[in-house]
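Residue numbers (the working numbering): 3 to 483.
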């Protein structure tokens, strides 16, 4: 039997553009002008990334790997989604949509979103969406740095993981127990403090546990990546790995945890800074290949410090990183094809923002190599059947699939709905989730303290939907070989 399998992860739901009956006047289109470029700013509370560049960007000798590649914190961070979190056009559009849907709650919505997408600027002084995209005040400049250096290194450990509270007294937490205090104070007026919390998953949990209020009362867990990790083998067993272990690797090869470690100084000053044996890369790789590609194409509009080529390289590296998220086991007997997706990550697959989804594409051919079966095909951003007919029209809620017959595609996703039971993308308009069949991490337990908040939804009756894996049975036509 011959078959071809594709494994697809999408960071945004494909959607067919809704045709306009009449052209939208230019004045109503509200196309966002190009974002301002980074500027140096240094306040009583925070130093901008432009200050950190003085010591934490590679020179000829320091912060380079054995192949002389620039692996400095500033360079690698600036081409990633963390640094671009406040410039991300998808985020900016989603924030505008939330505000437009509920104008009286504008300030509340901005506070919920910007505390994590623009933490340093928001801690400097609360700001609006309009100030974020065009403002010239220090808080706006700091906000457009996204999750920059201070966004993580100033997080107050006593508040983690429940709250995002930044120190505003020019303190920067790091992994070294005895950092070179004088040099950093002299160069940046910032005091380095050694603290183990910077290598703890709680640091990430502050923003990767997103609980939002419902307009009708109560709360919704919009994202629970940290809680998913907490209820997994990766938090408790010999397989244990922190968020940083996977997303901030120590080796020259991001995908190989046993790769050659990078030994280099972490700073260009003092000039005799010793090499760090535990040098962590600040790639903070995630799964959003598509958005990085779009940012690379529209780098002039983005206005970020990263170049188009750096953004495209980051997109390619992200695509490679995604290949480590899962493995496939395929068993074919007669006309039955059993495909098992094994979750290799320390959280649900996919995780995070609920527009992300994952599906399988299976194609079978006959003796003449003609396609006789196809499931999970994609056309113009939509999932289609073998005839090209769209299977996921706007607003559709695709059921969980255990046995895939013609026209059925297994899609792993979280589906939020409003009070009327209709699919919604409004976070504050979410009444609940009618589907969450994202593959649980290995070691997930229903009796864990976070079992109820991280449980699957809509998989009843599927006996092989298990922690760490899910299987799908395909029944192929007799002509498939």
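We put the CB at the ideal spot given by N, CA and C, even for glycine.
Predicted model, so just to flag it, every value in this text is computed and none were measured.
Looking at the unbroken alpha helix (DSSP H) that takes in residue i, where does it start and where does it end?
| i | result |
| --- | --- |
| residue 304 | 301 to 304 |
| residue 122 | 121 to 126 |
| residue 143 | 140 to 145 |
| residue 237 | 235 to 238 |
| residue 183 | 183 to 190 |
| residue 376 | Per DSSP, residue 376 belongs to no alpha helix (DSSP H); it is in the beta strand (DSSP E), 373 to 377. |
| residue 249 | 245 to 249 |
| residue 229 | 227 to 232 |
DSSP on residue i, reduced to helix/strand/coil?
| i | result |
| --- | --- |
| residue 163 | coil |
| residue 201 | helix |
| residue 467 | coil |
| residue 459 | strand |
| residue 316 | helix |
| residue 51 | helix |
| residue 367 | strand |
| residue 358 | coil |
| residue 157 | strand |
| residue 410 | coil |
| residue 446 | coil |
| residue 46 | coil |
| residue 3 | Residue placement at residue 3 is flagged as unreliable, the pLDDT there being 48, under the threshold of 50; the coordinate-derived value follows with that caveat. Of the three classes helix, strand and coil, the one that applies to residue 3 here is coil, per DSSP. |
| residue 207 | helix |
| residue 2 | Limits of the chain in this structure are 3 at one end and 483 at the other, which puts residue 2 out of reach. |
| residue 56 | helix |
| residue 294 | helix |
| residue 23 | For residue 23, the predicted structure reports a pLDDT of 38, less than 50, and the residue's modelled location is therefore unreliable. A value from the coordinates is still provided. Coil at residue 23, not helix or strand. |
| residue 30 | Reliability fails at residue 30, whose pLDDT of 46 lies under 50, so the model's placement of it is uncertain and the value that follows must be treated cautiously. The answer is helix: DSSP assigns residue 30 an H, G or I state. |
Thinking C-alpha only, which one of the options is nearest residue i?
| i | options | result |
| --- | --- | --- |
| residue 81 | 261, 311, 50 and 229 | 311 |
| residue 111 | 370, 98, 122 and 471 | 98 |
| residue 405 | 178, 238, 423 and 466 | 466 |
| residue 257 | 224, 108, 328 and 228 | 328 |
| residue 361 | 330, 202 and 206 | 330 |
| residue 307 | 48, 68, 89 and 72 | 89 |
| residue 91 | 124, 337, 148 and 420 | 148 |
| residue 71 | 45, 253 and 212 | 253 |
| residue 155 | 136, 146 and 178 | 178 |
| residue 378 | 369, 403 and 371 | 403 |
| residue 1 | 412, 227, 215 and 463 | The shown model of the chain, from 3 to 483, leaves out residue 1, and the question about it has no answer. |
| residue 414 | 75, 113 and 356 | 356 |
| residue 76 | 447, 60 and 140 | 60 |
| residue 251 | 240, 264 and 242 | 264 |
| residue 103 | 432, 450 and 480 | 432 |
| residue 134 | 35, 200, 407 and 187 | 35 |
| residue 334 | 366, 39, 203 and 40 | 366 |
| residue 395 | 385, 389 and 219 | 385 |
Along the chain, where does the beta strand (DSSP E) that runs through residue i open and close?
| i | result |
| --- | --- |
| residue 414 | 413 to 419 |
| residue 176 | 173 to 176 |
| residue 133 | No beta strand (DSSP E) contains residue 133, which is instead part of the alpha helix (DSSP H) from 131 to 136. |
| residue 438 | 434 to 438 |
| residue 194 | 193 to 196 |
| residue 386 | 384 to 386 |
For residue i, write down the residues that DSSP places opposite it in a beta bridge.
| i | result |
| --- | --- |
| residue 215 | 221 |
| residue 278 | 266 |
| residue 475 | 340 and 405 |
| residue 72 | 66 |
| residue 381 | 384 |
| residue 392 | 386 |
| residue 168 | 157 |
| residue 399 | Answer is none; residue 399 lacks a bridge partner. |
| residue 253 | 263 |
Does the ligand ZN have a heavy atom nearer than 7 Å to the CB of residue i?
| i | result |
| --- | --- |
| residue 357 | For the ligand ZN, the structure offers nothing, since it holds no ligand at all. |
Kindly indicate if chain B contains any beta-carbon less than 8 Å away from that of residue i.
| i | result |
| --- | --- |
| residue 245 | Given the protein chain composition of this structure (a single chain), no chain B is represented. |
(request) Mind listing, in chain order, the continuous beta strand (DSSP E) runs of no fewer than 3 residues lying wholly within the stretch 319 to 352? (result) 328 to 335 and 338 to 345
(request) Enumerate, from N- to C-terminal direction, the unbroken alpha helix (DSSP H) stretches of 4 or more residues contained entirely within the stretch 79 to 124. (result) 91 to 103 and 108 to 119
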